[in-house]
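Student: Using my numbering, the letters of the sequence shown correspond one by one to residues -9 to 349.
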Amino acid sequence: MNVLTLLLPHLQKAFPGKEIIISVFTTAGYNRASILFQSNKEDTKIFYLPLDFWGLMERVFRRLTPSVLIITETELWPELLATAAKKNVPVFLANGTLSAKSAKRYRALRGVFRSGFFAFHKLLVQTGQDRTFFSNLAIPEEKIEIVGQTKYDLLWATDEVEPLAELKDFFYWVAGSTRPGEEEKILAAHRLLIQKFPNLKLLLAPRHLERLTEIESLIQAAGFVSKRISARPDCQIPILTLDKMGVLLQAYAGAQVAFVGGTLVSVGGHNLLEPLSVGTPVIFGPSVENVKEAANQLVQTDIARQVLTPEELATAVSLFLEKKATREEVTRIAQEAFASLGGVSQKTAAIIKLEVGDF
């Protein structure tokens, strides 16, 4: 979904006046899409993609009569692709990537996907390794093009991100996309921080909202009081929990400092660029396998810190609170650090336009 938010403005520019229909599979996906694309209601529609069965996909294509199909998450459905091939609908993969595990699984299913793979006009992939994985699926190499990762374009997004209204009066740092085993370390760091910054609040934003009750028990066990932001807490509450979907970027936009989760436990990390895109310095732990390129670049700057322990986390937050860099300065440094990696969304839309022309 994040890929599409970056790609959509460029597609609208490349194909003015064309309706863009966004498919989702879950209620959570529908709700998130509704929030992300609410400003584009006139040009976009959202619908539930049915199960990948022949009759259902035939019905979808008859009803929507798409001119182009763009897949923005590397989740390939054989009947969807086969129906696109049968209807001569050109298919593009944007921001394509495959893990070694996924590549092995798709290779074992090549027979199932064989007819569907003919629908691909171009696979626009992130790395040379991705190109190798896709070519091993018997997809012609001339159809596979390395364009890079769209995620870096977030640093140049022009839409203004408004901080959450519920938090406008709070002086806080945020721990976003946290995973089990991280909250205890974050709470330990906050205990150290409030000795120096007694008015500082902590916003905990777990990766999965169904963990909120569990996290509230952890907060209570640590001797803190907490409230969910939907309960409109006052400024006396030391710990806040984010219980709304699709607003993490807004939470980052109002924070003084952000810690990105999935990095103090062996998960591999989540998007390190989101806080930076709204001018908030970022902190992360040692587990960055999923975001290694970004992490390696960021540790060379003054707008990010990598930490190993609660004590180091508290020290890093304290450092950024005392430094007081402006949001404009943080974003500028981030853009300079990743200047060579930007522009992928625009390039992707341009390639699709070149391939299909006007329709």
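Heads up, the beta-carbon is just placed ideally off N, CA and C, and yes, glycines get one too.
Check whether the region 314 to 330 and the region 263 to 277 are in contact - that is, three or more C-beta pairs closer than 8 Å.
Tutor: Output reads yes: the region 263 to 277 touches the region 314 to 330.
Student: Using three-state DSSP, classify GLY388 as helix, strand or coil.
Tutor: The shown model of the chain, from -9 to 349, leaves out residue 388, and the question about it has no answer.
Student: Please classify GLU150: is it buried, with 16 or more other beta-carbons within 10 angstroms of its beta-carbon, or exposed?
Tutor: When all chains shown are included, GLU150 counts as exposed.
Student: Are LEU(-4) and SER335 touching if we call contact CB-CB under 8 Å?
Tutor: Contact flag set, yes.
Student: Going by the CB atoms, is the gap between PHE5 and TYR38 shorter than 8 Å?
Tutor: Cβ distance not < 8 Å, so TYR38 and PHE5 don't count as in contact.
Student: Quick one: what's TYR38 bridged to in DSSP?
Tutor: Answer is VAL14, bridged to TYR38.
Student: Which of the three DSSP states, helix, strand or coil, is assigned to ILE273?
Tutor: Of the three classes helix, strand and coil, the one that applies to ILE273 here is strand, per DSSP.
Student: Is LEU199 helix, strand or coil by DSSP?
Tutor: The answer is helix: DSSP assigns LEU199 an H, G or I state.
Student: So, with DSSP's three-state summary, where would you put TRP44?
Tutor: Here TRP44 sits in helix by DSSP.
Student: Looking only at its own chain, which residues have a Cβ that is under 8 Å from the Cβ of ILE129, when we skip the five neighbours before and after it?
Tutor: Contacts found: PHE107, PHE110, LEU113.
Student: Is the Cβ of PRO228 closer than 8 Å to any Cβ of chain C?
Tutor: Absent from the structure: chain C. Only one protein chain is present.
Student: Going by DSSP, what residues sit across from LEU59 in a beta bridge?
Tutor: Paired residues: VAL81.
Student: With distances taken Cα to Cα, identify the nearest neighbour of ASP33 among GLU172, GLN2, LYS343.
Tutor: That would be GLN2, whose Cα lies nearest to the Cα of ASP33.
Student: Are at least three pairs of beta-carbons, each pair with one atom in the region 203 to 211 and one in the region 171 to 181, less than 8 Å apart?
Tutor: Counting Cβ pairs under 8 Å, three or more are found: they touch.
Student: Under three-state DSSP, which class holds VAL278?
Tutor: Of the three classes helix, strand and coil, the one that applies to VAL278 here is coil, per DSSP.
Student: Can you list, in chain order, the residues of its chain with a C-beta nearer than 8 Å to that of ASN21? Leave out the 5 residues immediately preceding and following it.
Tutor: Only MET235, GLY236 meet the Cβ criterion.
Student: Could you please give the first and the last residue of the uninterrupted alpha helix (DSSP H) stretch that includes THR122?
Tutor: Start and end: 118 to 125.
Student: For the region 119 to 170, list the beta strand (DSSP E) runs that are entirely contained and at least 3 residues long, ordered along the chain.
Tutor: DSSP runs (the beta strand (DSSP E)) wholly in the region 119 to 170: 134 to 136, 162 to 168.
Student: Rank LYS158, PRO228, THR321 by C-alpha distance to the C-alpha of ARG181 and give the top, closest one.
Tutor: The shortest C-alpha separation from ARG181 is found at PRO228.
Student: If we call anything under 8 Å between Cβ atoms a contact, is GLN296 one with PHE274?
Tutor: Against a cut-off of 8 Å, the Cβ pair of PHE274 and GLN296 comes out as a contact.
Student: With 16 other CB atoms within 10 Å as the buried threshold, where does GLY244 fall?
Tutor: Looking at its Cβ environment, which holds 16 or more other Cβ atoms inside 10 Å, GLY244 is buried.
Student: Using 8 Å as the threshold, is the C-beta distance between ALA241 and LEU262 below it?
Tutor: No, they are not a contact pair.
Student: So, for LEU254: in the same chain, excluding its five sequence neighbours on each side, which residues have a beta-carbon less than 6 Å away from its beta-carbon?
Tutor: GLU172, LYS175, GLY275.
Student: Starting from HIS111 and walking both ways along the alpha helix (DSSP H), at which residues does that stretch end?
Tutor: Careful: HIS111 lies outside any alpha helix (DSSP H), inside the beta strand (DSSP E) at 110 to 115.
Student: Exposed or buried, what is TRP163 when buried is set at 16 or more other beta-carbons lying within 10 Å of its beta-carbon?
Tutor: With 16 or more Cβ atoms within 10 Å of its Cβ, TRP163 is classed as buried.
Student: As a quick exercise: from ALA221, PRO223, HIS260, CYS225, pick the residue whose alpha carbon is nearest that of LEU238.
Tutor: Of the candidates ALA221, PRO223, HIS260, CYS225, the one whose C-alpha sits nearest the C-alpha of LEU238 is HIS260.
Student: Do you know offhand how far ASN286's Cα is from LYS77's?
Tutor: The alpha-carbon atoms of ASN286 and LYS77 are separated by roughly 45 Å.
Student: Run through the DSSP bridge pairs and tell me what ALA351 is partnered with.
Tutor: In the structure as shown, the chain starts at -9 and stops at 349, and residue 351 therefore has no counterpart that could be examined.
Student: In angstroms, rounded to a whole number, what distance separates the CA positions of TRP146 and GLN116?
Tutor: One C-alpha to the other measures close to 19 Å.
Student: Would VAL320 and ILE342 be called neighbours here (beta carbons separated by less than 8 Å)?
Tutor: No, they are not a contact pair.
Student: Could you give the C-beta distance for ARG100 and LEU66, rounded to a whole number, given that I count them as a contact under 8 Å?
Tutor: About 11 Å separates the two Cβ atoms, so there is no contact after all.
Student: In the DSSP assignment, find the unbroken beta strand (DSSP E) run with ARG218 in it and report its ends.
Tutor: Per DSSP, ARG218 belongs to the beta strand (DSSP E) from 216 to 218.
Student: For LEU303, count the other beta carbons within 10 Å of its own beta carbon; 16 or more makes it buried, fewer makes it exposed. Which is it?
Tutor: Buried, by the Cβ-count rule.
Student: For VAL272 and PRO188, what's the separation of their Cα atoms in angstroms?
Tutor: Going by the C-alpha atoms only, they are around 21 Å apart.
Student: How far does the beta strand (DSSP E) with THR231 in it reach, from first residue to last?
Tutor: Looking at the DSSP string, the run of the beta strand (DSSP E) that includes THR231 is 229 to 231.
Student: LEU59 and PHE103: beta carbons closer than 8 Å?
Tutor: No.
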